[in-house]
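*Asks:* Residue numbers (this note's numbering): 1 to 256.
Just so it is clear, CB atoms sit at the ideal spot from N, CA and C, and this is done for glycine as well.
Let me give you the structure first, and then I'll get to my questions.
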């Protein structure tokens with residue numbers, strides 16, 4: 001089964017690596033645990049794994065009744081559904097690979113880079129503009145939201161580059177969305193300020209985090225489900241606070 005001698009440590013390293021990738025890419029905790037267990041069981045090891053948002057712990061019982069444990073810390077989390085899908089497919093077809101080949105394939109998937117900034121920039125601009133039409137805005141509201149999407153893209157790019165706290169990024173995002181809409185309302189470009197704000201805020205709404213929270217809760221992972229739910233709530237709170245601060249100041253100054 002490959003050109004190297006497979007032992008419990010190597011299998012544990014591989015399984016923990018897979019679980020870490022799944023969690024770093026925004027996958028559900030039950031999915032990470034399931035894939036880790038499948039890999040260990042394929043190589044004949046009895047396993048137990050426990051995953052939360054910030055770490056995954058895997059313990060296996062070796063052939064000599066010795067126990068081995070691996071702890072992987074999750075320091076960075078993003079959304080990359082494509083990586084999750086590829087890892088999932090590889091584990092399902094693990095029988096077609098030797099151990100070395102499988103490990104190489106997993107590493108290749110992990111090395112794959114997400115879309116470049118220019119694609120994310122264009123996608124955010126188009127999405128914000130499309131949301132303006134969805135909320136029954138006109139072409140001028142669409143243009144204002146389009147520009148707001150560009151500002152949010154720049155905020156997220158430089159915020160992540162500087163490793164700024166996610167709560168602060170969303171707080172500033174809410175401020176930018178409201179300031180952008182009010183500016184274009186004042187110069188006469190935007191007809192409906194609310195549509196422009198909401199359309200741009202939709203780029204920051206934690207939809208996937210909330211969905212994964214529900215899925216984890218349904219799967220019985222109460223700790224991770226509640227943690228994801230709190231995370232989604234905190235993001236929503238940051239957006240509301242940021243936007244509310246600007247609107248309150250503008251209203252106090254008689255601008256609305």
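By Cβ distance below 7 Å, which residues in the same chain neighbour residue 12 in space, the five residues on each side in sequence not counted?
*Replies:* Contacts found: 58, 60, 68 and 70.
*Asks:* Can at least three beta-carbon pairs, one atom from the segment 223-231 and one from the segment 189-201, be found at a separation below 8 Å?
*Replies:* No, because fewer than three Cβ pairs between the segment 223-231 and the segment 189-201 fall closer than 8 Å, the two stretches do not touch.
*Asks:* I'd like the span of the beta strand (DSSP E) that includes residue 72, first residue to last.
*Replies:* Start and end: 67-73.
*Asks:* When the distance is taken between beta carbons, is residue 112 closer than 8 Å to residue 74?
*Replies:* It is not a contact, given that the beta carbons lie outside the stated cut-off.
*Asks:* Could you give the first and the last residue of the continuous alpha helix (DSSP H) run that contains residue 164?
*Replies:* Run containing residue 164: none; DSSP gives neither H nor E here.
*Asks:* Could you work out which residue in 114, 91 and 105 is closest to residue 82 when comparing CA atoms only?
*Replies:* Residue 82 has its Cα closest to that of 114, out of 114, 91 and 105.
*Asks:* Assign residue 233 to one of three DSSP states: helix, strand, or coil.
*Replies:* Residue 233: helix per DSSP, three-state reduction.
*Asks:* Of the choices 14, 22 and 26, whose alpha-carbon is the least far from that of residue 207?
*Replies:* Among 14, 22 and 26, the Cα nearest to that of residue 207 belongs to 26.
*Asks:* Cβ of residue 124 within 8 Å of Cβ of residue 152?
*Replies:* Cβ distance < 8 Å, so residue 124 and residue 152 count as in contact.
*Asks:* Just list the residues that DSSP pairs residue 51 with in beta bridges.
*Replies:* For residue 51, which the question treats as bridged, DSSP gives the partners 56.
*Asks:* For residue 122 and residue 85, what's the separation of their Cα atoms in angstroms?
*Replies:* Going by the C-alpha atoms only, they are around 24 Å apart.
*Asks:* Between residue 104 and residue 90, is the Cβ-Cβ spacing less than 8 Å?
*Replies:* No. Outside cutoff.
*Asks:* Tell me whether the segment 128-143 and the segment 94-104 touch, counting them as touching only if at least three CB pairs, one residue from each stretch, are closer than 8 Å.
*Replies:* No: the two stretches stay apart, fewer than three of their Cβ pairs being nearer than 8 Å.
*Asks:* Quick one: grab the DSSP three-state call for residue 46.
*Replies:* Strand, per DSSP.
*Asks:* Is it the case that the segment 162-178 contacts the segment 231-244, given that we only count it when at least three CB pairs across the two stretches are under 8 Å?
*Replies:* Yes, they touch.
*Asks:* What number of angstroms, rounded off, separates the C-alpha of residue 160 from the C-alpha of residue 167?
*Replies:* The straight-line gap from Cα to Cα measures roughly 12 Å.
*Asks:* If you drop the 5 nearest sequence neighbours on each side, which residues of the same chain put their C-beta closer than 7 Å to that of residue 17?
*Replies:* Hits under 7 Å: 106.
*Asks:* Cβ of residue 209 within 8 Å of Cβ of residue 238?
*Replies:* Taking 8 Å as the Cβ cut-off, residue 209 and residue 238 do not qualify as a contacting pair.
*Asks:* Determine, using beta carbons only, whether residue 45 and residue 62 come nearer to each other than 8 Å.
*Replies:* A contact, by the Cβ cut-off of 8 Å.
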